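Down below is the structure, laid out as structure tokens.
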Ligand SMILES: [Cu+2]
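In structure tokens:
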């Protein structure tokens, strides 16, 4: 069973092992979707871009939908397994970032996620292991056409990070997470979207997994979904209420358009994404 933890609780060695695995997946593992043209890391960017209706759109779109949580759960779990395979180390797991910036909570450090973009260089990230000037982390999938090779961020330029109070009040909502006005789209809009905007740069686009912080952000959302579920044991995960339920509860999650290869061998229904333990991981603390 893989154990995921808050990045602040990781040792410097664990953090550098995680960074090393990301760099390996970016630079040393060939793509399944476009072999020779991009890396395995970039496959995850492409899948997410398609999921937002860009490139070769996925149907159904798993955003603004009850599919949001199960779909992203499978995406980031596959990314985690790809990281483990890239460095042949099953101890690598996804860390999460709790959207706080004080002290050890800040992931934007030179030894971990790197810092903000430079506003004299079109918001290019110039510090840390994913910076353009180290040329170890080249962006190769863009929302449209060919864009810049370097990662970009514009921390804090657009809105604010969700406060701990906003997280608690979202968790206290008892309505079914998947209903359009319930936990799913509510937390997608109130917690998830602002973090993408706050980081800015690549994170503000459909190709947002270009920034590795994407995975730490979605890992925290995945933990919150678990926490919400434990806090509301009597609200069904995928109940027979709400307008999408019937079709979606029994549906298969879509990660590739019909005319493109599957990014991984296994297929996942919504049902299989409802238990982290069945997917092979859990959180150190919920
Ligand atoms: Cu997404």
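In the working numbering, the protein residues as written are 115 to 400. C-beta atoms are modelled at their ideal positions from N, C-alpha and C, and glycine is treated no differently. Computed from a predicted model, the values in this text were never measured in an experiment.
- Of the residues assessed, residue 219 falls on the exposed side of the cut-off, its CB having fewer than 16 other CB atoms within 10 angstroms.
- By alpha-carbon distance to residue 178, the top candidate from 301, 161, 388, 386 is 301.
- Taken from the Cβ of residue 165, at least one heavy atom of ligand 1 lies inside 7 angstroms.
- When the alpha-carbon of residue 119 is set against those of 147, 186, 312, 335, the nearest one is in 335.
- No Cβ-Cβ contact shorter than 8 angstroms links residue 272 with residue 213.
- The segment 231-249 makes contact with the segment 264-280, as at least three CB pairs between them are under 8 angstroms.
- Residue 135 holds the alpha-carbon nearest to the alpha-carbon of residue 227 among 135, 233, 389, 204.
- Within the segment 178-235, no complete beta strand (DSSP E) segment of 3 residues or longer occurs.
- Relative to the non-hydrogen atoms of ligand 1, the Cβ of residue 370 never comes closer than 7 angstroms to any of them.
- The Cβ atoms of residue 193 and residue 329 sit closer than 8 angstroms to each other.
- Scanning its chain for C-beta atoms nearer than 6 angstroms, with the 5 sequence neighbours on each side dropped, one finds around residue 133 the residues 243, in chain order.
- Straight across, the Cα-Cα distance linking residue 317 with residue 345 is about 30 angstroms.
- Beta-bridge partners of residue 117 (DSSP): 396.
- For residue 312, the uninterrupted alpha helix (DSSP H) segment begins and ends at 307-313.
- With a cut-off of 7 angstroms, the C-beta of residue 186 is classified as near ligand 1, since at least one heavy atom of the ligand falls inside that distance.
- DSSP lists 144 as the beta-bridge partner residues of residue 153.
- Sequence-distant Cβ neighbours of residue 374 in its own chain, meaning closer than 7 angstroms and more than five residues away, are 147, 170.
- With 16 or more other CB atoms across the displayed protein chains lying within 10 angstroms of its CB, residue 327 is buried.
- DSSP places residue 123 in no alpha helix (DSSP H); its state is neither H nor E.
- Closest by C-alpha distance to residue 283, out of 231, 137, 198, 342, is 342.
- With a contact defined as Cβ atoms closer than 8 angstroms, residue 121 and residue 221 qualify at about 5 angstroms.
- Residue 286: member of the alpha helix (DSSP H) spanning 278-286, first to last residue.
- Here the distance from the Cβ of residue 331 to the nearest heavy atom of ligand 1 is not below 7 angstroms.
- Minimum Cα-Cα distance from residue 381 among the listed residues 388, 390, 392, 369 corresponds to 369.
- If you ignore the 5 residues before and after residue 138, its C-beta comes within less than 6 angstroms of the C-beta of 200, 201, all in its own chain and listed in chain order.
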